[in-house]
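Numbering (our numbering), first residue to last: 143 to 552.
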């Protein structure tokens, strides 16, 4: 952010505060909210209650703790303002919504939703809370835009425990894909333009999640396990063992920390589904495989759903956008204290996470503005594949058709 003059930073931050200030009914709450967000953005070593309060010039953390735990304001309303802010500042017609979860390691048993459970963040089973998140990504930038705390059955089956942690009575058990479905529907109702959804196999393997996206006519590229069944063709990994050698093409699915992420990709267009626009099919389903160049036995699989005429290059690019949410998690934790909260109740978690997401979105927006103004960065466009066939596109016709053909880019 050093490239941004202080006046520009302050002006953008004031714009952010004006967007959400009306959600806080009293002047003192608005001041505390501003102090809290500014402290989350500040050079604070450990963004816990005391250090945030010290940075804000408070004698003790009590006021900021009341903002999170006792004050009257609705974090979901602020979440809606966040989505409008991101739409205004980063929105593009081909925006991608990304779903994933992350863990927050905690001690004890009283923090809402905490239990020993697998955390992908830690890579092992830990005593932790799990948050399911949505991120929005375009060529202009990416930001976290929604969140839900995952509540295991050990919590939702114990209503007294829930009440002690201030978990609302209407919160019942929901799987992570069910939480993700709710976030997708909220995002589609927001001002954010969304053309695609992507997620890892924990969400992609859930057929209800895929069906919901198809019913809303949103394109997707979702990771699935190798045992995923493809209707009429069996396991997805068995399907790709039949791919001809020329079906595997070296493609980049986006830039990473070390440059372009290059793999061998193969894609097959599945039979037309019952989805028509007039007399023409409006969408196609796809299956894709991504194979490591250095370790060809490492293959990841995807199912896709895309408007008619979509090429493989676009599908590969959408698959590559999934890493954006990992970058959001890293930035929001390192720069905005996403995981450094000292609240145990459900309402405190939701409020802290929402304000930390707003702080992270502010950084994403100011970075995008600096890049646009100085042309310091360029975001790669959708990658174009060099693979061409004279017939244009090979299609997978039927299970018994010996001429099963894998798709080249349109």
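By construction, the Cβ of each residue, glycine as well, lies at the ideal position given by its N, Cα and C atoms.
Look at the beta carbons and you see the stretch 296-310 not touching the stretch 318-334: under three pairs across the two are nearer than 8 Å. Ranked by Cα distance from residue 344, the options 274, 388, 403, 161 are led by 274. Going by DSSP, residue 425 is part of the beta strand (DSSP E) stretching over 425-433.
Looking only at 505, 379, 451, the smallest Cα-Cα distance to residue 155 is reached by 505. Looking at the backbone, the Cα of residue 347 and that of residue 455 are separated by about 23 Å. Between residue 285 and residue 326, the gap from beta carbon to beta carbon reaches 9 Å or more. About 5 Å separates the Cβ atoms of residue 443 and residue 378, confirming a contact at the 8 Å cut-off. Annotation for residue 239: the continuous beta strand (DSSP E) segment containing it runs 238-247. Annotation for residue 191: the continuous alpha helix (DSSP H) segment containing it runs 191-198. Here the alpha carbon of residue 216 sits roughly 19 Å from the alpha carbon of residue 484.
Beta-bridge annotation (DSSP): residue 365 is paired with 444.
In chain order, 346, 362, 364, 445, 447 place their CB closer than 8 Å to the CB of residue 352, counting only its own chain and leaving out the 5 sequence neighbours on each side.
Here the alpha carbons of residue 159 and residue 475 stand approximately 21 Å from one another. A straight-line Cα-Cα distance of about 22 Å links residue 464 and residue 221. Non-local C-beta neighbours of residue 187 in its own chain, meaning closer than 7 Å and more than five positions away in sequence, comprise 193, ordered along the chain. Approximately 19 Å separates the beta-carbon atoms of residue 511 and residue 333; this is outside 8 Å, ruling out the contact. By the neighbour-count criterion, in which 16 or more other beta carbons inside 10 Å mark a residue as buried, residue 242 falls on the buried side. Taking C-beta separations shorter than 8 Å and ignoring five residues to either side along the sequence, residue 437 has no partners in its chain. Distance from the CA of residue 403 to the CA of residue 172, rounded to the nearest whole angstrom, comes to 44 Å. Bridge partners of residue 272 according to DSSP: 245. Burial state of residue 240 is buried, judged by a 10 Å Cβ sphere holding 16 or more other Cβ atoms. In this structure residue 457 is not in contact with residue 424, their Cβ atoms being roughly 16 Å apart against a cut-off of 8 Å. The three-state secondary structure of residue 150, taken from DSSP, is helix. As the crow flies, the alpha-carbon of residue 373 is around 16 Å from that of residue 384.
Between residue 490 and residue 211, the C-beta gap is smaller than 9 Å, which places the two residues in contact. Collapsing the DSSP output to three states places residue 374 in coil. With three or more CB-CB distances shorter than 8 Å, the stretch 266-283 counts as touching the stretch 241-257. In this structure residue 208 is exposed. Its beta-carbon is surrounded by fewer than 16 other beta-carbon atoms within 10 angstroms. Closest in C-alpha terms to residue 387, from the list 409, 401, 371, comes 409.
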